[in-house]
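Start counting the sequence shown at 835; every next residue gets the next number (my numbering). The beta-carbon is built from N, C-alpha and C at its ideal position, and this holds for glycine as well. Note that the structure is predicted; figures quoted are calculated from it, not measured. Have a look at the structure below before the remarks.
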Amino acid sequence: ISGLIWFVVPNGLAVMVMVPFALKLRRQMPAGYTIVEFIRERFQNRPATTVMLVAMLLGLLAEIFINLFGVVLVTGVVFGLNP
835 ISGLIWFVVP NGLAVMVMVP FALKLRRQMP AGYTIVEFIR ERFQNRPATT VMLVAMLLGL
895 LAEIFINLFG VVLVTGVVFG LNP
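Next up, the structure:
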């Protein structure tokens, strides 16, 4: 049960912290859907939009690799595999 608490509490806090940011974005762009759309609308600058898009894609790629590394570590421990 402690694992559930350690998972739910930080994630719940993260969602609560993001609510004011999301409400502000929704007020500024009622029809907006993505953060990149917000950047495009706010700065009206193609390079800024491109930089933001690339940064978000690189962050997504980094998260995928970090999670895959975690899967490899757990699989190695569970099945006794050495890298």
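request  = Return yes when the Cβ of residue 869 is within less than 8 Å of the Cβ of residue 882, no when it is not.
outcome  = no
inquiry  = In whole angstroms, give me the CA-to-CA distance for residue 916 and residue 892.
reply    = 29 Å
message = Can you give me the C-alpha to C-alpha distance between residue 842 and residue 898, rounded to a whole angstrom?
response = 21 Å
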